[in-house]
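2 protein chains.
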Amino acid sequence: MTARKRTSSVTNSENPLPPPKKTTIASADDFHLAPPKLGVIFVISSLLCSLYLYLLCFHYNVDSELKRPILINAGLSLVGFFVTLKLIPVAARYVLRRNMFGFDINKRGTPQGDVKVPESLGIAVGIVFLIVAIIFQFFNFTEDSLWLVEYNAALASICFMILLGFVDDVLDVPWRVKLLLPSFATLPLLMAYAGHTTIVIPKPLVSYFGLEILDLGRIYKLYMALLAVFCTNSINIHAGLNGLEIGQTVVIAAAILVHNVMQIGASVDTEFRQAHAFSIYLTQPLMATSLAMLAYNWYPSAVFVGDTYTVFAGMTMAVAGILGHFSETLLIFFLPQVLNFLLSLPQLAGIVKCPRHRLPKFDPATGLLTGTKDGTLVNVYLRIFGRKSEKSLCIHLLVFQALACAFCFLLRHFLAGWYK
Amino acid sequence: MTARKRTSSVTNSENPLPPPKKTTIASADDFHLAPPKLGVIFVISSLLCSLYLYLLCFHYNVDSELKRPILINAGLSLVGFFVTLKLIPVAARYVLRRNMFGFDINKRGTPQGDVKVPESLGIAVGIVFLIVAIIFQFFNFTEDSLWLVEYNAALASICFMILLGFVDDVLDVPWRVKLLLPSFATLPLLMAYAGHTTIVIPKPLVSYFGLEILDLGRIYKLYMALLAVFCTNSINIHAGLNGLEIGQTVVIAAAILVHNVMQIGASVDTEFRQAHAFSIYLTQPLMATSLAMLAYNWYPSAVFVGDTYTVFAGMTMAVAGILGHFSETLLIFFLPQVLNFLLSLPQLAGIVKCPRHRLPKFDPATGLLTGTKDGTLVNVYLRIFGRKSEKSLCIHLLVFQALACAFCFLLRHFLAGWYK
Numbered sequence: 001m002t003a004r005k006r007t008s009s010v011t012n013s014e015n016p017l018p019p020p021k022k023t024t025i026a027s028a029d030d031f032h033l034a035p036p037k038l039g040v041i042f043v044i045s046s047l048l049c050s051l052y053l054y055l056l057c058f059h060y061n062v063d064s065e066l067k068r069p070i071l072i073n074a075g076l077s078l079v080g081f082f083v084t085l086k087l088i089p090v091a092a093r094y095v096l097r098r099n100m101f102g103f104d105i106n107k108r109g110t111p112q113g114d115v116k117v118p119e120s121l122g123i124a125v126g127i128v129f130l131i132v133a134i135i136f137q138f139f140n141f142t143e144d145s146l147w148l149v150e151y152n153a154a155l156a157s158i159c160f161m162i163l164l165g166f167v168d169d170v171l172d173v174p175w176r177v178k179l180l181l182p183s184f185a186t187l188p189l190l191m192a193y194a195g196h197t198t199i200v201i202p203k204p205l206v207s208y209f210g211l212e213i214l215d216l217g218r219i220y221k222l223y224m225a226l227l228a229v230f231c232t233n234s235i236n237i238h239a240g241l242n243g244l245e246i247g248q249t250v251v252i253a254a255a256i257l258v259h260n261v262m263q264i265g266a267s268v269d270t271e272f273r274q275a276h277a278f279s280i281y282l283t284q285p286l287m288a289t290s291l292a293m294l295a296y297n298w299y300p301s302a303v304f305v306g307d308t309y310t311v312f313a314g315m316t317m318a319v320a321g322i323l324g325h326f327s328e329t330l331l332i333f334f335l336p337q338v339l340n341f342l343l344s345l346p347q348l349a350g351i352v353k354c355p356r357h358r359l360p361k362f363d364p365a366t367g368l369l370t371g372t373k374d375g376t377l378v379n380v381y382l383r384i385f386g387r388k389s390e391k392s393l394c395i396h397l398l399v400f401q402a403l404a405c406a407f408c409f410l411l412r413h414f415l416a417g418w419y420k
Numbered sequence: 001m002t003a004r005k006r007t008s009s010v011t012n013s014e015n016p017l018p019p020p021k022k023t024t025i026a027s028a029d030d031f032h033l034a035p036p037k038l039g040v041i042f043v044i045s046s047l048l049c050s051l052y053l054y055l056l057c058f059h060y061n062v063d064s065e066l067k068r069p070i071l072i073n074a075g076l077s078l079v080g081f082f083v084t085l086k087l088i089p090v091a092a093r094y095v096l097r098r099n100m101f102g103f104d105i106n107k108r109g110t111p112q113g114d115v116k117v118p119e120s121l122g123i124a125v126g127i128v129f130l131i132v133a134i135i136f137q138f139f140n141f142t143e144d145s146l147w148l149v150e151y152n153a154a155l156a157s158i159c160f161m162i163l164l165g166f167v168d169d170v171l172d173v174p175w176r177v178k179l180l181l182p183s184f185a186t187l188p189l190l191m192a193y194a195g196h197t198t199i200v201i202p203k204p205l206v207s208y209f210g211l212e213i214l215d216l217g218r219i220y221k222l223y224m225a226l227l228a229v230f231c232t233n234s235i236n237i238h239a240g241l242n243g244l245e246i247g248q249t250v251v252i253a254a255a256i257l258v259h260n261v262m263q264i265g266a267s268v269d270t271e272f273r274q275a276h277a278f279s280i281y282l283t284q285p286l287m288a289t290s291l292a293m294l295a296y297n298w299y300p301s302a303v304f305v306g307d308t309y310t311v312f313a314g315m316t317m318a319v320a321g322i323l324g325h326f327s328e329t330l331l332i333f334f335l336p337q338v339l340n341f342l343l344s345l346p347q348l349a350g351i352v353k354c355p356r357h358r359l360p361k362f363d364p365a366t367g368l369l370t371g372t373k374d375g376t377l378v379n380v381y382l383r384i385f386g387r388k389s390e391k392s393l394c395i396h397l398l399v400f401q402a403l404a405c406a407f408c409f410l411l412r413h414f415l416a417g418w419y420k
């Protein structure tokens, strides 16, 4: 309500676009989003959530004082799922009006490649997540709860990250600045972090160090900050296929949930269990709201998620790992992202030339993708296992992500007792 | 770094605009912002801050344990001032590239009315504010500090409000939705609020109520939520002149600072003084970053602030008032906004027709503004006191704001003892 003529929604009428060549959508107002792929989401969520729900409700005897808030949180997350499902078509109309759209490069040369796909819909997911996470406090925490400090710091960090991600999507911040943004967003969490700052020295190394537990103090906080920066950026650069950004997030989120419930089930230490419950409170809403957007983002994508989503998802999982005190485990869940980061290092560091996009080459005739020489996991996978369609490649990479998580559980199982 | 061709920065080249009629700026890249009006800012900040600094440093004997963090916060705010001053020209180029600009309606018909003015620069102020407020924790709070809960909740609320304000600026949310956004943003604060929920019954009314202190419990929280919604929206609708949005904010912020330091000076209760110091920690960075943007936003505006700024400023002051426990005083500082709200009610409620903009009428020949029949303080002031230039009207309204704050101090002085 300020003293100016807004140009946002009237851009089209004031600056008429040249006649569209082949674009399917003429204007934002007669725009209709493809319906959500609920069948796919049903299959994916059954695969991902069934083990977690089984462990929580039947396998372990989680006492009701802890189970009640987890189930309330799950209920709120379910509401968040449906709200996100309803909100995305509305938000898609708004972002299109602001000319926030992209063309799908992996479909260039086909009619689908000329469709304007609404961009940065992660903002809808982020806002619903925040509202669910905030309202949940009402049901769980009393005002003098010790957890409230860390919970609010977590919310401040995640919210700041969403804000910076959305600013990046809108204003297109240079990527070297972008890499640094998570370190600002992680500050509230670091300041409020009151948990342990010790690491347990692996047993085979105890004789070399001379102690079993090492208190890192402020250095531990630096480690936390680096972890948050890594998680956030690593989701952002392992991307480029329809559904891959959200797909990897929901797979890792499912692994986090299973890990948390296993730890809760195996322990009797109240504080330890609280830390893992805390992690669940953040991961369940992430899972639910992400699945809702995946219904629109699965191949062929009707909406794009934007950096808003990738940085939000990365930061939320980092926070869940830090406050649940299982950051080493989290890093093994992130194995494909670590691989992708290592493969990307030469280009990120500027040793090898880095183009604007590092995507595979799409052949419109066959509809298959071929790996290029750019150092990403997507390209290397294609170079090793041959040409694939976008959808099948995405599924392969998600299965690989799930295998990395399974490997992590195996590793924990076999090393338990010997390693720590 | 995702699978699409970004359209943000390439819009101009892909969809060539029709030849600009008389626009002064051809493209975002050869854009140069008018230099900041540092002389004006020097005068305004001397007028506003001198009393506060005198009271803090000389008049009252504030003990060093409280003075030290206040001065550290002031130092950080000063750094924030210079960072904002440097950041705004950069951010202005970025928002212009995204076609986020407006034309100054109060200059329509003059060459200045055809200049594209970068919009929503409040985002730069908001981000610098958040970083200053976050870094400050490092110098003040220990990890087990009781204040940390409320401070982080305050940060989460303000951050969420900036996010929603920026989303509104970018996507142009319908105004009825907009009115509700602050109630979501205020939730983290309400959840974490651990302060008193009692009100002191005014002495003349004690005999009617039969008690001196009334505990409102949850109703008090509802009152806090309504206060935040009111402050946020009332700054947003008392706008429309170059410099008015920031001007009113810095005047009120100065009053808040003076009030806080007077309360600290007059009391010996540690918790009471802490609450007011807390309020200072939020208000000083708001003051400093706002003054930096005012250097660009003062008449004639080189940048516009956007809803991002107005909602951020309103929410920050509401939070400062709530956590400093002086919400009634805050409402008297907001007297012009209350008047403007009451004048606007018929149009906001839909009883009287409400146009898109409710601005005075500008006469390009004389350069003067004439009041229209729309119910805003700006129009009513012009109808009562006659036609004025935009700059002089803004100064008049800011003086009126300062008088309202002075009136509040007088009222407190005379009613003290009798009323409460």
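Going down the list, the protein sequences come from chains B and H. Per full-length UniProt numbering, residue 1 is the first one in the first sequence, and the count goes up by one each step. Per full-length UniProt numbering, residue 1 is the first one in the second sequence, and the count goes up by one each step. Beta carbons: idealized from backbone N, C-alpha and C, even for Gly.
Per DSSP, what are the beta-bridge partners of residue i in this structure?
| i | result |
| --- | --- |
| S389 (chain B) | B:L368 |
| I213 (chain H) | H:V200 |
| F312 (chain H) | According to DSSP, which records beta bridges pairwise, F312 (chain H) is partnered with nothing at all. |
| D374 (chain B) | DSSP output for D374 (chain B) lists no bridge partner at all. |
| F362 (chain B) | B:L369 |
| P118 (chain B) | B:F101 |
Does the separation of the CB atoms of residue i and residue j fall below 8 Å?
| i | j | result |
| --- | --- | --- |
| T197 (chain B) | L226 (chain B) | no |
| N242 (chain B) | Y299 (chain B) | yes |
| T376 (chain H) | A320 (chain H) | no |
| A253 (chain B) | A318 (chain B) | no |
| A124 (chain B) | I88 (chain B) | yes |
| I70 (chain H) | A277 (chain H) | yes |
| T84 (chain H) | M293 (chain H) | yes |
| S77 (chain B) | M287 (chain B) | yes |
| V167 (chain B) | F166 (chain H) | yes |
Identify the contact partners of residue i in chain H, using a Cβ-Cβ distance below 8 Å as the criterion.
| i | result |
| --- | --- |
| I44 (chain B) | Result: empty, since nearest Cβ-Cβ is about 20 Å, beyond 8 Å. |
| V167 (chain B) | I123, I127 and F166 |
| R98 (chain B) | V170, L171 and D172 |
| I395 (chain B) | Residues of chain H passing the Cβ test: none, with the nearest at roughly 16 Å. |
| F278 (chain B) | Under the 8 Å cutoff, chain H gives no residues; its nearest Cβ is about 15 Å from F278 (chain B). |
Quick check on residue i - is its C-beta less than 8 Å from some C-beta in chain H?
| i | result |
| --- | --- |
| M315 (chain B) | no |
| P188 (chain B) | yes |
| Q337 (chain B) | no |
| I134 (chain B) | yes |
When we look at the beta-carbon of residue i and count the other beta-carbons within 10 Å, is it buried (16 or more) or exposed?
| i | result |
| --- | --- |
| F326 (chain H) | buried |
| T23 (chain B) | At T23 (chain B) the pLDDT is 42, less than 50, meaning the model places this residue with poor confidence; the figure from the coordinates comes in the next sentence. Exposed: under 16 other Cβ atoms inside 10 Å. |
| C394 (chain B) | buried |
| F139 (chain B) | exposed |
| K178 (chain B) | buried |
| Y193 (chain H) | buried |
| L38 (chain B) | exposed |
| A255 (chain H) | buried |
| L171 (chain B) | buried |
Whose Cβ in chain B lies nearer than 7 Å to the Cβ of residue i?
| i | result |
| --- | --- |
| F341 (chain H) | In chain order: nothing, as chain B lies at least about 12 Å away. |
| A156 (chain H) | N152, L155, A156 and C159 |
| F138 (chain H) | M191 |
With a cut-off of 8 Å, does the C-beta of residue i fall near any C-beta of chain B?
| i | result |
| --- | --- |
| Y94 (chain H) | yes |
| F334 (chain H) | no |
| residue 509 (chain H) | Shown here, chain H extends from 1 to 420; a query on residue 509 (chain H) therefore has no answer. |
Check the Cβ of residue i against every Cβ in chain H and list those closer than 9 Å, keeping chain order.
| i | result |
| --- | --- |
| L294 (chain B) | Result: empty, since nearest Cβ-Cβ is about 15 Å, beyond 9 Å. |
| L148 (chain B) | V149, N152, A153, M191, A192 and A194 |
Could you tell me which chain B residues have their CB closer than 9 Å to the CB of residue i, listed as they occur along the chain?
| i | result |
| --- | --- |
| L163 (chain H) | I123, G126, I127, L130, C159, F160, I162, L163 and F166 |
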